[in-house]
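Participant:
Numbering (my numbering), first residue to last: 233 to 441.
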């Protein structure tokens with residue numbers, strides 16, 4: 233049996249807490265990232281386990297959680313020695329949290345958990361690349377610039393409401409443009425990118441622990 237392996241959503245909007253909880257686990261996040269290395273491929277659980285250096289038996293429960301949340305799907309199945317083997321594919325190229333999910337006060341704890349896992353995962357990969365020498369700094373003055381050199385920007389300032397709105401809108405448009413699937417044969421440059429924007433507001437009610 234085979235599903236349409238090309239029917240992958242470009243951007244999945246996460247609008248429910250259960251999907252958010254499915255993303256709030258380091259191993260499940262690692263599984264998704266491993267599968268995102270080739271979004272159109274069908275991945276066997278044992279292949280994912282080998283990529284992550286994990287025992288296959290440890291992944292099955294997490295695979296089922298991701299499947300139940302619609303974050304991955306069965307791309308095809310086949311019989312191997314009388315046992316049905318499933319091969320999985322990611323269901324989207326990128327994820328976006330919905331405004332309603334972010335705004336609901338009762339979701340604060342689940343959002344904090346999901347963000348903590350995401351930031352820790354990103355930090356670990358950044359530290360790994362720095363230590364291994366894969367994070368190459370910008371060249372010295374007078375040297376030819378590397379068009380793919382790392383860019384590190386920290387912004388903590390006040391803007392007018394109009395400028396803040398424009399800033400967010402342009403960031404959103406940029407992400408929309410580059411979230412589209414690229415030419416698979418030419419897509420050979422791995423890119424690590426984490427974008428977060430928020431304008432702190434006074435809480436409406438009592439904070440949720």
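C-beta atoms are modelled at their ideal positions from N, C-alpha and C, and glycine is treated no differently. Only a predicted model underlies this, so the values are computations on that prediction, with no experimental measurement involved.
Classify residue 304 as buried or exposed, calling it buried when 16 or more other Cβ atoms lie within 10 Å of its own Cβ.
Facilitator: buried
Participant: According to DSSP, is residue 424 part of a helix, a strand, or is it coil?
Facilitator: coil
Participant: With a Cβ-Cβ cutoff of 8 Å, do residue 242 and residue 325 count as a contact?
Facilitator: yes
Participant: Suppose only complete runs of 3+ residues qualify. What are the beta strand (DSSP E) ranges in the region 349-406, listed by chain order?
Facilitator: The qualifying runs do not exist here; there are none.
Participant: I need the boundaries of the alpha helix (DSSP H) containing residue 250, first residue and last residue.
Facilitator: In this chain, the alpha helix (DSSP H) harbouring residue 250 covers 249-254.
Participant: Going by DSSP, which residues form a beta bridge with residue 305?
Facilitator: 321
Participant: Do you know whose CA, among 256, 374, 417, 328, lies nearest residue 427's CA?
Facilitator: 328
Participant: Buried or exposed for residue 251, please, with buried defined as at least 16 other CB atoms from any protein chain shown within 10 angstroms of its CB.
Facilitator: With 16 or more other Cβ atoms within 10 Å, it is buried.
Participant: Which residues in the same chain as residue 271 place their Cβ atom closer than 8 Å to its Cβ, once the five residues preceding and following it in sequence are excluded?
Facilitator: Only 240, 321, 322, 325, 413 meet the Cβ criterion.
Participant: Give me the Cα-Cα distance between residue 246 and residue 330, rounded to the nearest whole angstrom.
Facilitator: Rounded to the nearest angstrom, the two C-alpha atoms are 6 Å apart.
Participant: Between the region 310-318 and the region 356-363, do at least 3 Cβ pairs fall closer than 8 Å?
Facilitator: no
Participant: According to DSSP, what are the bridge partners of residue 246?
Facilitator: 329
Participant: Could you check if residue 256 is buried or exposed, using at least 16 other CB atoms within 10 Å of its CB as the buried criterion?
Facilitator: buried
Participant: Whole angstroms are fine: how far does the CA of residue 277 sit from the CA of residue 253?
Facilitator: Each residue's Cα considered, the two are about 21 Å apart.
Participant: May I have the straight-line CA-CA distance separating residue 282 from residue 288, to the nearest angstrom?
Facilitator: 8 Å
Participant: I'd like the span of the alpha helix (DSSP H) that includes residue 415, first residue to last.
Facilitator: Counting along the chain, residue 415 falls outside any alpha helix (DSSP H), and DSSP gives it neither H nor E.
Participant: Tell me the DSSP bridge mates of residue 312?
Facilitator: BP columns for residue 312 point to 315.
Participant: Rounded to whole angstroms, how far is the Cβ of residue 339 from the Cβ of residue 249, which I believe are closer than 8 Å?
Facilitator: Right, the Cβ-Cβ distance comes to about 6 Å (below 8 Å), so this counts as a contact.
Participant: Is residue 272 helix, strand or coil when you go by DSSP?
Facilitator: Three-state result, residue 272: coil.
Participant: Would you mind sorting residue 310 into buried or exposed? The rule is 16 or more other CB atoms within 10 Å of its CB.
Facilitator: exposed
Participant: On the premise that residue 260 lies in contact with residue 284, defined as a C-beta separation below 8 Å, what is that separation, rounded to the nearest angstrom?
Facilitator: In fact, because the Cβ distance is near 11 Å, the residues do not count as touching under 8 Å.
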